Amino acid sequence: MRRAVELAWRGWGRVHPNPLVGAVVVRDGERIAEGWHAQYGGPHAEAVALAAAGERARGATLYTTLEPCAHHGKTPPCAAAIEAAGIARVVYGARDPHPEAGGGADRLARAGVEVVGGVEADAVRAQNAAFFHVVERGSVYVALKYALSLDARLGAAPGRATPVTGEAARAETHRLRAGFDAIMVGSRTALVDDPLLTVRGDIVPRVPPVRIVLDTEARLPLASRLAATAAETPTWVVCAEDAPPERRSALEAAGVRVLSAPRGPGGLALDAVLSALWEAGIRSVLCEGGGTLGSALLAEDRVARLYLFFAPKLYGPDGPPAFTSPLSAAATDAWVRTDLRELGQDVLLVLDRAW
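So for the sequence shown, my numbering puts the first residue at 10; every next one is plus one.
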């Protein structure tokens, strides 16, 4: 199963909103075939592995990270393919929560296939956190990414762009971006850093993530890299309903899509912002700061995952803090570590919200 989880990652950035799935066929203790879901609309992992196994699949065991699907979507149901291949035993990681696709385990059991579920389920759910969140909670999955010093500062001084982490951490950020529908920043980050927020790495996402700026007064300069490249990469600005109309019109003329939301404490009402993004088709968002926006999302308990890239640096009290607002009582200690990795001199800590 751990090998199947490893294989599933190969679909990152290419399969969402479908889940990442890997599969391994084992016969007489030997791995005879492997597969993974490589492309949205393409064959599922189980079908790929079964095709590779051929006749040797009859009487074998299939390990798959997600419960085999039982419905005919863009591809035929995997449960039917497993039956036809003569698989004797299916071991799956996590049950499929989708109301249409789920149920494959029960179908296989009724057909006489031995079925074992829940193997490495936590790892599978963590791997597909956005998929499970969207299906089970029906809201935008928000991950917050910070590059910060050991004293939780986002840079050396306010108003000055600071490269906090090294090349390995930045490469991992580009990999992460490829698996989200949108990359979001606050207006201050957009003004100070003038970021591009595109995916520049080994993975070419199936759909480039939308670049979103929460900009209450619609102040994003037309000369900024985000506005200047809006014709090439989707760029959205979410501003207040009463933001200056001439600024909104100028941004729209530059190719920026402008959405509006009511004002809230310190800026925009974040619930309304996320609802507007949901209505516009956004299901997963990687928020890359800054501290004010990230802390506001945390304070309202809207962050499902934290990607914390720690650099071996100390900036002291002059550095802008990563955490600027009190957290909700429920969110202060309800986090589960799902990953911890060294990236050059930096360390990545991944925490999932224990809802």
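Backbone N, C-alpha and C fix where the C-beta goes; we use that ideal spot for every residue, glycine too. What you are looking at is a predicted structure, and each value in this text was computed from that prediction instead of being measured.
Spatial distance of residue i from residue j (CA atoms)
i    : j    : result
R98  : D224 : 54 Å
A139 : V30  : 14 Å
K322 : G264 : 39 Å
R311 : S148 : 10 Å
A161 : G298 : 13 Å
D251 : E109 : 42 Å
A320 : V133 : 28 Å
W364 : G82  : 30 Å
L163 : V24  : 32 Å
L260 : S269 : 13 Å
S196 : D203 : 10 Å
P271 : P335 : 22 Å
L307 : V151 : 10 Å
E145 : A313 : 13 Å
A178 : R256 : 35 Å
P230 : G126 : 53 Å
G303 : T174 : 18 Å
E123 : V282 : 47 Å
A88  : G328 : 55 Å
A17  : P326 : 43 Å
A103 : P172 : 39 Å
G38  : T84  : 30 Å
L315 : A120 : 42 Å
T207 : H183 : 8 Å
E226 : L279 : 15 Å
Cβ shell of residue i (< 6 Å), same chain only, five flanking positions each side left out
i    : result
A191 : P218, V219, I221, I291 and V294
L317 : Y155 and L358
G112 : A79
R350 : L357
M193 : I221, V294 and C296
Buried or exposed (CB count within 10 angstroms, at least 16 for buried), residue i
i    : result
P254 : exposed
Q136 : buried
A166 : exposed
A42  : buried
T105 : Note that residue 105 corresponds to Asp in the displayed sequence, not to Thr. Buried: at least 16 other Cβ atoms inside 10 Å.
A93  : exposed
V345 : exposed
D355 : buried
P74  : Per the sequence shown, the amino acid found at residue 74 is Thr instead of Pro. Buried is the call here.
D361 : buried
G22  : buried
V216 : exposed
V247 : buried
P28  : buried
R40  : exposed
A331 : buried
Opposing strand residues paired with residue i [DSSP bridges]
i    : result
F318 : A156 and L357
I221 : M193 and W245
T73  : A32 and Y101
W45  : G31
L268 : V247
C296 : L153 and M193
L277 : R272
R23  : BP columns for R23 are empty, so no partner.
R162 : P330
E39  : R36
R362 : W344
Limits of the unbroken alpha helix (DSSP H) element including residue i
i    : result
G303 : G300 to A308
V143 : A138 to R146
S258 : P254 to A262
I14  : Note on identity: in this sequence residue 14 is Val, with Ile being the wrong assignment. That run of the alpha helix (DSSP H) goes R11 to A17.
R179 : E176 to R186
C87  : C87 to A94
The ligand ATP heavy atom lying under 7 Å from the CB of residue i
i    : result
A240 : This structure simply doesn't include the ligand ATP, nor any ligand for that matter.
Terminal residues of the beta strand (DSSP E) in which residue i lies
i    : result
E351 : W344 to L352
L229 : Where L229 is concerned, there is no enclosing beta strand (DSSP E), given that its DSSP letter is neither H nor E.
V124 : E123 to V125
Close-in-space but distant-in-sequence residues of the same chain around residue i (CB under 7 Å, 5 per side omitted)
i    : result
E72  : It is Tyr, not Glu, that sits at residue 72 in the sequence shown. Around Y72: M10, A13, A32, V33, V35 and V100.
A90  : E55, A56 and L59
A239 : A263, G264 and V265
Own chain, CB closer than 8 Å to residue i, minus 5 neighbours either side, in chain order
i    : result
R228 : S196, L200 and R256
L159 : F319, A320, P321, K322 and L323
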